[in-house]
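Report on the following structure.
Numbering (the numbering used here), first residue to last: 38 to 153.
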């Protein structure tokens, strides 16, 4: 199956929305459900302007939805597949780290045998 340019652009836009530590913190914070900007800010840290900028980008990319209730703006994750993407990347990084750790242990053991 050949992916269209439009589809690839949409995928890239979605991945770009995840490609920042602050945005990943926001996503993790919203995993349990919707929160106000103040609640997100409390858990993520940083300035309100910076967090709001990231929330706006995530909303425009289609990852988040917002709704206003009185003076509060609530955000929630629209696409739970974003959590699966993060878990997949984390699992791959963990496997890679385990593999590198095993190689390092073998190299150290080999070096000790040579020194002995």
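All residues carry an ideal CB built from backbone N, CA and C; glycine is no exception.
Bear in mind that the values here come from a model prediction, so they are computed numbers and not experimental data.
Ranked by Cα distance from residue 85, the options 110, 68 and 115 are led by 110. Rounded to whole angstroms, the separation of the alpha carbons of residue 95 and residue 46 is 16 Å. Around the Cβ of residue 54, a 10 Å sphere holds 16 or more other Cβ atoms; the residue is buried. A direct Cα-Cα distance of roughly 11 Å separates residue 70 from residue 101. Closest in alpha carbon position to residue 62, among 73, 82, 44 and 51, is 82. In the pairwise beta carbon analysis, the region 116–126 is classified as not touching the region 72–79: fewer than three pairs are separated by under 8 Å. The region 63–115 contains, as complete beta strand (DSSP E) runs of 3+ residues, the segments 101–106 and 109–114 (chain order). In this structure residue 92 is buried. Its beta-carbon is surrounded by 16 or more other beta-carbon atoms within 10 angstroms. DSSP places residue 46 in the uninterrupted alpha helix (DSSP H) bounded by 42–55. Residue 145 sits exposed, since fewer than 16 C-beta atoms from the chains shown fall within 10 Å of its C-beta. Ranked by how close their Cα comes to the Cα of residue 122, the residues 140, 79, 87 and 48 have 48 in first place.
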